[in-house]
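A.B. asks: A single structure is presented below for examination.
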Amino acid sequence: MELTREEEAILNGEEGLAQQEALKLLIRYGEALGAEKLIEVQSVHTAMAVPEQFAKIISGNYPLLNQVLLCSKKQVQLQELKVFTTTHVCNIEPYHYREFSVSEEVMQANRDIRAHYAKKGIVFTSTCTPYLVGNVPIKGNHIAWMESSAVVYANSVIGALGNIEGIESTLAAAIVGKIPYAGFHVPENRKAKVVVQIDAKLIQQSDFDALGYFIGEELENMGLSLDVPILTGIKPEQATQDNFKGMGAGMATSGAVQLYHIEGITPEACTGLENALVDPKKTEKLTVTDADIKKTYETLSTATDPKVDLIIMGCPHFSLNQLKEVALLLKGKCIKNDVYLWIFIPAGLKELAMARGFGKIIEQAGGILMVDTCPALTQFKPVGVEIVASNSAKQIHYYTAEFPEIRTWFGSVEECIQSAISGRWGSD
């Protein structure tokens, strides 16, 4: 790999052990990817949480933690980070952790972790939607982000350049300010090879979740999982943050999509279809119909009993607009006594939600606003829960992977809230 003079100096230890070890990791990573060089990143989204078995090992030994995270044989003292860095969801909900069977020891270890690394420059957003709480790159920025739904959103909707990364590569990128020049950092790799014609009527936000889930699965079945799709037939009035947030999450869940384009809408396809394609004469094609969307709803709905025990929403984390929608549906109503309603949001939005009154309405109705985490990481299910409803294709996919015995209902936010009130799916 070709290194700059600055990088050579870091590799020689002139900028300290942390940068040296982080750069070594990035060089090994870059060589595995076939990258010719490293490039500067403008935004990082990493993870910083300690599971129970790890907390007992670390016990405040942060050089040891750095050693693990940087895959280094040396215990490293972390320096001030070079890049603005936020954090992904963690495995602990700070206000309801006892309900999730998290010990006080582990909770305290995570409090200590936050206090320590905040001094190094990490901003603890603890969300899968960093673009909702201040980590918003601009078109053309190179990023090093974790979380598939966040990366596909940043690549596609914002026009940032990045790949789905892990804890080790993102932390190293935050320390050094570099990432290998490979994958979707390279402009020619961002051109589309598959044209997806949308003939289906898309009315509600869950339709976009279903659309994304169908496209991801179909590209896998066609052997095109690593190819970039461009969608045609999406109307400008359908171009909302929440629609695209859910659609991208669906694509990245059932498939391996990290970037999509939408003709006339997204940054790299706003000048037309042909300019976004690798070769207009050599493209694969996929058509999505109403029947495909209907079938996807059926695939994600495995329950036959209309009874609902738990409603989970906020995968990816809900926006303020989505909380407003929930609050309007719940105003003056109560959730059924034996039903749980969990809504997962960024902690940074909870204060805004409470200030606007949305949070109070939801909580007075019996709902619980969860922050900093998600069910996929908590891996917790209340006793007696058999049937779960969600508006998120991704949530159903992963929750049923963790709890195969669970049966599910997939539908709109309104359908989910009505089921929380009545305790039955499909009730008015």
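Per this note's numbering, residue 2 is the first one in the sequence shown, and the count goes up by one each step.
C-beta: ideal position from N, C-alpha, C; glycine also.
If you're wondering where the values come from, they're calculated on a predicted model, not measured in any experiment.
1. Would you kindly check if the distance between the Cβ of leucine 342 and the Cβ of isoleucine 363 is under 9 Å?
2. Closest by CA to proline 376, which one among Trp146, Ser391 and Gln365?
3. Determine the burial state of proline 237: buried for a count of at least 16 other Cβ atoms within 10 Å of its Cβ, exposed for fewer.
4. Just verifying my parser: in three-state terms, what is the DSSP assignment at valine 177?
5. Rounded to whole angstroms, what is the Cα-Cα separation between lysine 334 and phenylalanine 359?
6. Entirely within the segment 332–362 and at least 4 residues each: give me those alpha helix (DSSP H) ranges in chain order.
7. Classify lysine 395: buried if its beta carbon has 16 or more other beta carbons within 10 angstroms, exposed otherwise.
8. Leaving out five residues on either side along the sequence, give the residues of the same chain with a beta carbon under 7 Å from the beta carbon of threonine 290.
9. Taking the straight line between their C-alpha atoms, what separation do you get for lysine 382 and asparagine 322?
10. Roughly how far, in whole angstroms, is the beta-carbon of serine 320 from the beta-carbon of aspartate 243, given that I think they are within contact range, below 8 Å?
11. Just to confirm my understanding: we take histidine 143, look at its own chain, exclude 5 residues before and 5 after, and list those with CB closer than 7 Å. What are they?
12. Just tell me which of His46, His97 and Leu24 has its CA closest to the CA of leucine 71.
13. Would you grab the beta carbon distance between alanine 191 and glutamate 264 for me? Rounded to a whole angstrom, and I think it's under 8 Å.
14. Does the Cβ of arginine 115 have 16 or more other Cβ atoms within 10 Å, making it buried, or fewer, making it exposed?
15. When you compare the segment 95–108 with the segment 214–227, are there three or more beta-carbon pairs, one atom per stretch, that lie closer than 8 Å?
16. In chain order, what residues of the same chain lie with their CB nearer than 6 Å to the CB of phenylalanine 245, ignoring the 5 residues before and after it?
17. Beta-carbon separation of isoleucine 422 and isoleucine 336 under 9 Å?
18. Are the Cβ atoms of methionine 2 and glutamate 22 separated by less than 9 Å?
19. Which class does glutamate 218 belong to by DSSP, given the choice of helix, strand or coil?
20. Taking a contact to mean a Cβ-Cβ separation below 9 Å, would you say phenylalanine 125 touches leucine 301 in this structure?
21. Leaving out the 5 sequence neighbours to the left and right, which residues in its chain are closer than 8 Å to valine 386 when beta-carbon positions are compared?
22. Do valine 45 and threonine 87 have their beta-carbon atoms positioned less than 9 Å apart in this structure?
23. Rounded to whole angstroms, what is the Cα-Cα separation between threonine 297 and alanine 257?
24. Measure how close the beta-carbons of leucine 195 and glutamate 285 come, nearest whole angstrom, since I'm counting them as under 8 Å.
25. May I ask whether a heavy atom of the ligand PLP can be found less than 8 Å away from the beta carbon of valine 158?
26. Check the C-beta distance from alanine 304 over to leucine 331 and give it rounded, since I have them as a contact under 8 Å.
27. Whole angstroms is fine: what's the gap from leucine 12's alpha carbon to leucine 18's?
28. Do you know how far the Cα of leucine 225 is from the Cα of glutamine 198?
29. If I'm right that serine 393 touches cysteine 316 with Cβ under 8 Å, what's the distance once you round it to whole angstroms?
30. If I'm right that proline 347 touches arginine 425 with Cβ under 8 Å, what's the distance once you round it to whole angstroms?
31. Out of Gly14, Trp146, Pro281 and His89, state which residue places its alpha-carbon closest to the alpha-carbon of threonine 128.
32. Roughly how many angstroms separate the alpha carbons of lysine 120 and leucine 274, rounded to a whole number?
33. For glutamine 380, which residues in the same chain have their Cβ closer than 7 Å to its Cβ, ignoring the five residues on either side in sequence?
34. As an exercise, report each continuous alpha helix (DSSP H) stretch of at least 4 residues that is fully enclosed by the segment 96–172, in chain order.
C.D. replies: Taking the geometry as given:
1. Yes, they are a contact pair.
2. If we check each option's Cα against that of proline 376, Ser391 comes out closest.
3. Label assigned to proline 237: exposed.
4. Of the three classes helix, strand and coil, the one that applies to valine 177 here is helix, per DSSP.
5. Straight-line Cα distance between these residues: approximately 13 Å.
6. Runs of the alpha helix (DSSP H) inside the segment 332–362: 348–357.
7. When all chains shown are included, lysine 395 counts as buried.
8. Excluding sequence neighbours, threonine 290 sits near Asp200 and Ala201.
9. Distance between the alpha carbons of lysine 382 and asparagine 322: 27 Å.
10. The beta-carbon distance between serine 320 and aspartate 243, rounded to whole angstroms, is 6 Å. This is short enough to meet the 8 Å contact definition.
11. Same-chain partners within the cutoff: Ile40, Glu41, Val42, Gln43, Leu162, Gly163, Ile180 and His186.
12. Distances from the CA of leucine 71 to each of His46, His97 and Leu24 were compared; the closest alpha carbon is that of Leu24.
13. Correcting the residue identity first, residue 191 is arginine in this sequence and not alanine. With a Cβ gap of about 15 Å, arginine 191 and glutamate 264 do not count as contacting.
14. The residue is buried, with at least 16 neighbouring Cβ atoms inside 10 Å.
15. Touching, no, given that fewer than three Cβ pairs across the two stretches are closer than 8 Å.
16. Taken in chain order, the residues that qualify are Val158.
17. The Cβ atoms of isoleucine 422 and isoleucine 336 sit closer than 9 Å to each other.
18. Their beta carbons are not under 9 Å apart, which means methionine 2 does not touch glutamate 22 by this criterion.
19. DSSP places glutamate 218 in helix when its eight states are reduced to three.
20. No; because the gap between Cβ atoms is not below 9 Å, this pair is not in contact.
21. Excluding positions up to five away in sequence, the list reads Asp310, Leu311, Tyr341 and Ile407.
22. Cβ distance < 9 Å, so threonine 87 and valine 45 count as in contact.
23. In a straight line, the C-alpha of threonine 297 is about 18 Å away from that of alanine 257.
24. This sequence places valine at residue 195; leucine is not what is there. Taking 8 Å as the upper bound for CB-CB distance, valine 195 and glutamate 285 are in contact here, some 5 Å apart.
25. This structure lacks the ligand PLP; in fact it carries no ligand of any kind.
26. That pair is no contact at about 23 Å.
27. So the two alpha carbons sit approximately 9 Å from each other.
28. About 16 Å.
29. Serine 393 to cysteine 316, Cβ: 4 Å. Contact.
30. Rounded to whole angstroms, the Cβ separation of proline 347 and arginine 425 is 31 Å, and the two are not in contact under 8 Å.
31. It is His89 whose Cα lies nearest to the Cα of threonine 128.
32. Roughly 47 Å between the two C-alpha positions.
33. Contacts found: Glu403.
34. Taking only runs of at least 4 residues, the alpha helix (DSSP H) segments lying wholly in the segment 96–172 are 105–119 and 149–154.
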